[in-house]
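**Q**
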Amino acid sequence: MAILSRANQRKLGLEVRRARLLAGFTQSQLAREIPLSQAMMSDIERGRKGVKKEHLARIDDVLITNGRLLRLWGALHSQPAAQRWTLSSLTLEQAASEIREYQLSTVAGLAQIEDYALVTLRAEYPDRQKRELAEQLRVRMDRQSILFTEPGTRYLLVLDENALRRPIGGRAVMARQLDHLLGLSARSNVVLQIIPMDTEQHPALSEGFKIFTIPDRGEVLYLETRLSGGPVDHPDSVSHYTRLFEDLRGAALSVPASRALLTAIRAGLG
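FYI, in full-length UniProt numbering the residues of the sequence shown are 1 to 270.
1) Please check the pair Arg266 and Leu184, which I expect to be a contact at CB under 8 Å, by giving their CB distance rounded to whole angstroms.
2) Where do the ends of the alpha helix (DSSP H) carrying Thr120 lie?
3) Going by Cα to Cα distance, which pick from Glu161, Gln29, Leu76 is closest to Gly13?
4) If you follow the alpha helix (DSSP H) that Gly183 is in, where does it begin and where does it stop?
5) Does DSSP put Val139 in a helix, a strand or coil?
6) Between Ile195 and Asp247, is the Cβ-Cβ spacing less than 8 Å?
7) Taking DSSP as the reference, what is the three-state secondary structure of Phe25?
8) If you reduce the DSSP assignment to three classes, tell me which class Thr86 lands in.
9) Terminal residues of the continuous alpha helix (DSSP H) containing Ile59?
10) Where does the unbroken alpha helix (DSSP H) through Leu192 begin, and where does it stop?
11) Contact between the stretch 113 to 132 and the stretch 149 to 163: three or more CB pairs below 8 Å?
12) Rounded to whole angstroms, what's the CA-CA distance from Leu21 to Gln103? Just pull it up for me.
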């Protein structure tokens with residue numbers, strides 16, 4: 001059985017906590033019944049650690065949930081790989097009124113064409129079966145509907161020029177990808193800026209990130225690495241990356257100059 005993503009561990013942990021509170025148990029009381037340490041029970045509820053199937057079955061019995069937690073555990077484990085790793089990001093994307101994103105080495109997923117996306121997925125997950133890759137590709141392409149359903153989610157994207165000059169998938173694929181970016185940049189809800197290669201003081205030579213503005217909740221940061229990703233809503237972290245994004249925009253070319261550079265790079269591909 002695959003290990004749950006951190007996002008799904010948090011989802012399961014929240015349900016454990018909700019069931020415990022409804023049953024009138026403290027963490028210590030429930031931990032003694034399982035038995036587990038109170039610290040372990042706290043980590044499970046916070047999504048910091050996974051929970052064994054037999055322990056979850058015991059929690060269901062103690063809290064008299066009729067097996068609800070164990071069914072959720074099974075459902076989360078049975079999700080396709082693409083859903084397990086992107087559910088949290090998808091939820092945030094669908095709820096957001098604005099998305100700010102920075103990517104250094106590749107075009108952002110929300111702005112990829114299908115052929116480009118498939119090449120990047122194969123590179124990221126070389127051991128995945130064709131069926132899994134097809135599911136991940138479908139999820140990635142479906143995500144983009146938020147930009148085209150009027151009035152469209154506001155999308156501020158900062159890309160490094162390197163991401164546009166790297167011919168992922170070959171010149172023909174990259175040419176179509178750049179055409180797609182030009183089309184996106186013409187939309188009223190999309191702001192695309194490019195950080196030129198000759199920038200000497202680059203604010204962020206690191207992994208990409210997103211900042212979601214969620215109505216009635218505020219800002220949520222999503223940090224993404226090669227192996228995992230997850231939301232962060234700690235105020236200090238959100239503030240740091242919000243300032244970093246503004247620094248990136250300051251280092252980037254203006255919107256018209258970015259579009260001109262994109263057009264020039266596209267022309268070079270024939």
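We treat Cβ as the ideally placed atom computed from N, Cα and C, and that holds for glycine.
**A** With the given structure in hand:
1) Actually they do not touch by this definition, with Cβ atoms about 13 Å apart.
2) Note, Thr120: alpha helix (DSSP H), 114 to 124.
3) Comparing Cα-Cα distances from Gly13 to each of Glu161, Gln29, Leu76, the minimum goes to Leu76.
4) Residues 171 to 185.
5) Three-state DSSP puts Val139 in a helix.
6) Cβ distance not < 8 Å, so Ile195 and Asp247 don't count as in contact.
7) Assignment of Phe25 by DSSP, reduced to helix, strand and coil, places it in the coil class.
8) A caution first: Thr86 carries a pLDDT of 46, below 50, which makes its placement in the model unreliable, though a value can still be read off. Helix, per DSSP.
9) Here the alpha helix (DSSP H) through Ile59 covers 53 to 63.
10) Note, Leu192: premise wrong, no alpha helix (DSSP H); beta strand (DSSP E) at 190 to 195.
11) Here the stretch 113 to 132 makes no contact with the stretch 149 to 163; the two share fewer than three CB pairs at distances below 8 Å.
12) Cα-Cα distance, rounded: 41 Å.
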